[in-house]
Amino acid sequence: MSNLAHTVKRTVLLDAPPDRVWEALVDPALLSEWLAPEVELDPREGGEVVCRFADGEERRGEVAVVEEAERLAFTWRREEGGESWVEWTLDAVAAGTRLTVIETATPAGPMLLAAGGARWARRLASLDLVLGRLVLA
93 MSNLAHTVKR
103 TVLLDAPPDR
113 VWEALVDPAL
123 LSEWLAPEVE
133 LDPREGGEVV
143 CRFADGEERR
153 GEVAVVEEAE
163 RLAFTWRREE
173 GGESWVEWTL
183 DAVAAGTRLT
193 VIETATPAGP
203 MLLAAGGARW
213 ARRLASLDLV
223 LGRLVLA
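Using this note's numbering, count along the sequence shown one by one with no gaps and you end on 229.
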């Protein structure tokens, strides 16, 4: 990314083991409950990512890194331009999982960066609710 890149970082502690959090990051049915209403994801390196949001925005990208239950990273692009790198890191902790998401985007202005931070905070809160409903198999 260029020197015009901006980064949003959010970390949350989830009351679920890393394998359950991982499932919520790679299962399109679960992703559609907290990330975007419509999600297509092929969770392997080189796989496609498509997210269609409620406001009509669509982002498409490619999975770049898959380290099961530890790390997932992909690119995604807005239809009107601008690419982001999104990276999820899962760390097992005594209380469950510490999940960190970092989105690095270019170009971005202060307003876009602030909005991105608020969106990720809402998404992570929704993820926490989804994980609370998952039943261990």
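Here a beta-carbon is modelled for each residue, glycine too, at the ideal position from N, C-alpha and C.
For residue 176, the number of other beta carbons within 10 angstroms of its own is at least 16, and it is reported as buried. The continuous stretches of beta strand (DSSP E) do not include residue 121, which lies in the alpha helix (DSSP H) extending over residues 120-126.
Note: residue 114 is not bridge-paired with any residue in the DSSP secondary-structure output. Unbroken beta strand (DSSP E) stretches of 3 residues or longer found wholly inside the stretch 130-211: 130-133, 140-144, 150-159, 163-170, 175-185 and 188-198, given in chain order. Of the residues assessed, residue 153 falls on the buried side of the cut-off, its CB having 16 or more other CB atoms within 10 angstroms. Between residue 105 and residue 113 a beta carbon distance of about 11 Å is seen, past the 8 Å cut, so the two are scored as non-contacting.
Residue 170 and residue 118 have their C-alpha atoms some 20 Å from each other. In this structure, the straight-line span from the alpha carbon of residue 196 to that of residue 178 is close to 7 Å. Of the residues 100, 110 and 102, the one whose Cα lies closest to the Cα of residue 186 is 110.
With fewer than 16 other Cβ atoms inside 10 Å of its own Cβ, residue 146 counts as exposed. With a threshold of 16 other beta carbon atoms within 10 Å, residue 151 meets it and is buried. Excluding residues up to 5 positions away in sequence, nothing lies with its Cβ nearer than 7 Å to the Cβ of residue 217 in the same chain. The beta-bridge partner set that DSSP reports for residue 106 consists of 189.
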